[in-house]
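This report refers to the structure that appears directly beneath it.
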Amino acid sequence: MELQFFGIGILTWIVFIPIAGMIIVLLLPDKNRNAIRWTAVIATGIQVILAGVIFAVFDRTKLGINDAESFQFIEKFSWITVEAVPWVGRIEISYFLGIDGLSVLMIILTSLISFIGVISSWSIDKMVKGYYALYLLLVTGMMGVFVALDFFLFFIFWEIMLLPMYFLIGLWGGPRREYAAIKFFLYTFVGGILMLLTMLALYFSVAYTDPATGQSVHTFNILHMMNPANYVDGGLLSGVDTTWRYVAWMALFINFAIKIPLFPFHTWLPDAHVEAPTPISVILAGVLLKLGTYGLLRINFPIFPDGTIYFMYFMAILGMISIIYGAFCAMAQDDFKKLIAYSSISHMGIVVLGIAALNTQGMVGGVLQMFNHGIITAVLFLAVGVLYDRTHKRGLNDFGGIANQMPKYTGLAMIGMFAALGLPGLNGFVSELFSFLGAFEAYKWITIISVTGIIITAGYILWTIQRVFLGKTPEKLNNLTDLTPRELLMFIPLIVLIIFLGIYPSPAIELMNSSLSYLVEVVTNGGF
Amino acid sequence: MVEHTLHSIGQYLPEIVILATLCVIIVADLFIKSERHTTGWIMLAGLLLAGYFTILQSGRSESVFYDMVAVDPFAVFFKSVLILAGLFVVFFSMKSLELENYKSRIGEYYMLLAGMMLGMLMMVGSTNLLLMFLALEITSISSYVLVGFTKKSLRSSESSMKYIIYGAVSSGVMLYGISLLVGVTSATDIYAINKALVAGVDQTLILNIAVLMIIVGLGFKIAIVPFHFWAPDVYEGAPITIAALLAVASKIAAFGMMIRFFSVTFIDSAGFSAAGVWSAIDGIHWDILLGGMAALAMIVGNLTALRQDNIKRMLAYSSIAHAGYILMGLVILTSEGLTAILIYLFIYLFMNLGAFYVAMLFMNKAGTESIEEYKGLGFRAPLAGVALTIFLVSLTGLPPTGGLVAKLYIFGAAISAGWIWLVVIAGITTVISLFYYIRVVRNMFFFKPEDDAPELTFDLTSKLILFALLIPTLLLGIYFAPLLEFAKSSMSMIGF
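Line by line, the protein sequences give chains W and B.
No gaps in the numbering here: position 309 of the first sequence is 309 in my numbering, and each next residue is one more.
Take the position in the second sequence, starting the count at 1, then add 1000; the result is the number in my numbering.
In structure tokens form, the structure reads like this:
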């Protein structure tokens, strides 16, 4: 399927609209803050509309994953092609975009969270121009990763996010922002280098025969890398179940695990979250973490089905540890943001456990959990941001009785918290249920232990609600104003989604069901 | 015979033009004292003319002056890159405040610069050991003087002295090595040496010692570990324009000479694929030796750079590390690896010159070379700050900059040749390098300038020079197909 506006495909639009916005922002004068803000609103708003169009016309039956024909909205142009020379063969890097059931939900999530992030950025009034320019660049990077089907392109989008994120945390963050920013940068850069090396190893191991000329062409095309027939004889990563393939799987896994973040690679996350300004925390938890699990599903699983099966227990165990450990850590926190950061680790553990099950239920649960967690943590971070704007405090023990002061706010924030807790009727429940169901089929004991994480989660969430919203209000906090219309605007779409998907998740599941079933099939059949 | 000589002279125009420029500068310096930039403009014109003649040579492939000099795409590539670097350095020199104090002697400066350019152009074309050594010495001796050009500065004189002593010793060692090699093979031009080696020589031990000694001399020039000790001191003491020239141009020239020397002399082109690339000289595992040097350079360079406060010293260590990355391509010694070197050098030219240039601008306006004192500079000079950020990010190897493409190809070549351990070291050290590059960025942007600190403004030409370096650095990260083609077509070398 193709969809074009002015001769340019919809995916290019959705990826590069923020860049256009960035250029306009850079050209606007410093003083004109509102024009800068509105430019960002319009750029991300267009993205939301385009995501809506994609949602409407997306063909739910097509499979995607490793079959180029059934990807949708494909755009493919040769970017770098260097003709054959005896020793290298032809080199090909292409501008190759396309989406399938795996990525479509992530695109909707990214556009929505980016838009809400812009609205929530309204309260930032330090170096507004630089802020929005970097913000929009970051959005392009995130969106690009979800649509890229060429490994080199994927890598570029992946790495392009680092610098804006570094500055956004480092310049607009809290007191220890410098430390948090460099920690984030170094952690993710380590992963990036691992990915670079693996990408190159894959590149030299994969060559397809160009049907037009009969030449053997080395390529960064991810789909070609999934086909075992394309591996050259004697390539480093050729064969099945070789040590090098396991090493490569592990290198990629570490890269993605840092981003997820999975225990024991998670230590950057609490620092980054605590120091980042609210909108950036929202982006970080809402979208960036999903890049990790998305990468696993897009790259690790179909390119290295052998490695995936070999390491599936390993993944499940790390998922389990993240669930339990994250929940316990969350319980121990006094800082509201740190609490949500650790709860993110716990909830992303559920995603990993679900997808490691390698069955459709677990996979669907995992991907849905990615989406739901994005929505829920966004609400939670926005909730912290609202309180912080008013009181400049984040300590859980600094608050109390907010429910009396800010009834609207309390209502919305509590819905978010209950969704995080996994209350039936809200979206978190559905995806956690699916993930655990799938995982239970594959790993009985691991799942049983993991489910106890839910109890701990209930513990810390209820305790938080009690400490913040209920009880007596401290003297100092007697004059809090309730949500402004702008703040309501950023909460309401997310809350609506939380409730809607809790009651009726089918629209989301339909989007990805066929693709994910096919992915399971691909992995279990070893790539065919 | 006369015909051949005349023909050869016609093929030697770039070098001759630079030589003529050198003479014109000497004469002009005698007569024109008032206008400061006159000699600079003459130098510029000479470089442009030499560049023009170099471009005319593209596509040719012949050996002139009785196998003394090769005019092939490989030489043309290096000459163009060197002339480009020379042009930038002349522009830098015109903007340098440091050189302003030596107005009356500036003619000497450009004369020596021309001498150095001449030597470097000769280095990349020579195919005879004697001429190679001569070219190397022309370059070295000019640069010894240039390093000490700001003679009122003690640091400058000290570094010049250090450079001479190190340089003289390693040149001596290299010359000894050359004499041994000539003795063993009884030939001075590299094609004949190659023939002799392929036919087989008896004195393997002496041959190995000779090659080791030559590596010492070349290793000094590219500042590879363990022959790097001069670099930080010299870069710190030298005028920043000359530091940039040493870090970029002289390194490029030395790599050009090294690649030609190794690949023509030691590769048995007949048994190329069968017996491995280093088959002509057995004894020492040359690839492991060079690989070890590359690994050491990456480790030592990057780790030591972490603790530097002077930006020139930091860039010196960083350029040692980069020499390590580049040397990886030579370790492999396949066309793939060598092409990757060419790509790397071309991109390295822009990003490293850019970093030196912004450091110079900051030195001019803010009067500091200390990274600690860069605090708040990003707000006082946003354009230069952002530009330096991009250059440093490129040196790290992050997209969308040329630095990524450079690393991509060199890492790729090493992976495809199976040098996994070397690539892993390169990867780890790249992560380390992020830390010191980003420290500069952090200091520039994460601290507020003092309230009374004035904004730094630069004139239009300074900005234009900046953009001339910035745009290629960014563009090469996004669209690098032409560079790839250029590098690949430049890999044809006579005798390879």
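Backbone N, C-alpha and C define an ideal beta-carbon position, used for all residues, glycine too.
- For secondary structure counted as the beta strand (DSSP E) over 3 or more consecutive residues, the region 223–274 of chain W holds no complete run.
- Residue contact check for B/Val-1234 against chain W: no CB pair falls below 7 Å.
- Short of 7 Å from the beta carbon of W/Ile-113, and not among the five residues preceding or following it, lie these beta carbons of its own chain, in chain order: Val-282, Ile-283, Gly-286, Val-287, Gly-374, Ala-378.
- Within the region 69–150 of chain W, the complete alpha helix (DSSP H) segments of 4 residues or longer fall at 101–120, 128–147, listed in chain order.
- By the Cβ test, the region 1371–1388 of chain B is in contact with the region 1352–1359 of chain B, since at least three Cβ pairs between them sit closer than 8 Å.
- W/Pro-505 and W/Pro-302 have their C-alpha atoms roughly 26 Å apart.
- For W/Glu-510, no beta strand (DSSP E) segment is defined; the enclosing uninterrupted segment is the alpha helix (DSSP H) at 506–524.
- Contact annotation for W/Ala-272 against chain B: no contact, minimum CB-CB distance about 15 Å [criterion: below 7 Å].
- Taking all protein chains shown into account, W/Leu-63 has 16 or more neighbouring C-beta atoms within 10 Å of its C-beta and is therefore buried.
- A residue is called buried when at least 16 other Cβ atoms come within 10 angstroms of its Cβ; W/Asn-397 does not meet this threshold and is exposed.
- Contact annotation: in the region 1423–1437 of chain B, residues whose CB is within less than 8 Å of a CB in chain W are Val-1423, Val-1424, Gly-1427, Ile-1428, Thr-1430, Val-1431, Leu-1434, Phe-1435.
- With 16 or more other Cβ atoms inside 10 Å of its own Cβ, W/Leu-149 counts as buried.
- At a Cβ-Cβ threshold of 7 Å, W/Val-351 and W/Gly-366 count as neighbours.
- For the options B/Leu-1146, B/Phe-1486, B/Leu-1212, B/Phe-1133, the alpha carbon positioned closest to that of B/Tyr-1110 is the one of B/Leu-1146.
- Residue contact check for W/Leu-50 against chain B: no CB pair falls below 7 Å.
- Of the residues W/Val-128, W/Phe-167, W/Gly-192, the one whose Cα lies closest to the Cα of W/Phe-152 is W/Gly-192.
- Annotation for B/Val-1064: the continuous beta strand (DSSP E) segment containing it runs 1062–1064.
- Shown in chain order are the members of the region 157–170 of chain W whose Cβ falls below 9 Å from a Cβ of chain B: Phe-157, Trp-158, Glu-159, Ile-160, Leu-162, Leu-163, Tyr-166, Phe-167, Gly-170.
- In the displayed model, B/His-1037 falls within coil according to three-state DSSP, outside both helix and strand.
- DSSP places W/Thr-219 in the strand class (E or B) of the three-state scheme.
- The beta-carbon separation of B/Tyr-1317 and B/Ile-1410, rounded to 19 Å, does not stay under the 8 Å limit for a contact.
- Contact annotation: W/Gly-395 and W/Ala-276 have beta-carbon atoms that are not nearer than 7 Å.
- In the three-state reduction of the DSSP assignment, W/Ile-65 falls in the coil class.
- Contacts with chain W (Cβ-Cβ distance below 9 Å) from the region 1464–1488 of chain B involve Gly-1477, Ile-1478, Tyr-1479, Phe-1480, Ala-1481, Leu-1484, Glu-1485, Lys-1488, listed in chain order.
- About 6 Å separates the CB atoms of B/Phe-1446 and W/Glu-178; that is less than 8 Å, so the two are in contact.
- With respect to B/Ser-1159, B/Asp-1233 sits close: the two C-beta atoms are nearer than 7 Å.
- Assignment of B/Asp-1459 by DSSP, reduced to helix, strand and coil, places it in the coil class.
- About 44 Å separates the beta carbons of W/His-273 and W/Ala-229, which is beyond the 8 Å limit, so they are not a contact pair.
- Close to W/Ala-201, with beta-carbon spacing below 8 Å, are these residues of chain B in chain order: Ile-1415.
- Comparing alpha-carbon positions, the option among W/Val-190, W/Thr-278, W/Phe-265 lying closest to W/Val-118 turns out to be W/Thr-278.
- Within its own chain, the residues whose Cβ lies closer than 6 Å to the Cβ of B/Ala-1243, once the five positions on either side in sequence are excluded, are Tyr-1235, Lys-1312, listed in chain order.
- Nearest Cα to B/His-1285 within the set B/Ile-1106, B/Val-1441, B/Leu-1212: B/Leu-1212.
- For a Cβ distance threshold of 7 Å, nothing in chain W lies close to B/Leu-1377: the least Cβ distance comes to about 15 Å.
- Looking at W/Tyr-409, W/Pro-424, W/Glu-441, W/Val-468, the one whose alpha-carbon comes closest to that of W/Leu-489 is W/Tyr-409.
- None of the residues of the region 250–276 of chain W has a beta carbon lying less than 7 Å from any beta carbon of chain B.
- With a threshold of 16 other beta carbon atoms within 10 Å, W/Val-15 meets it and is buried.
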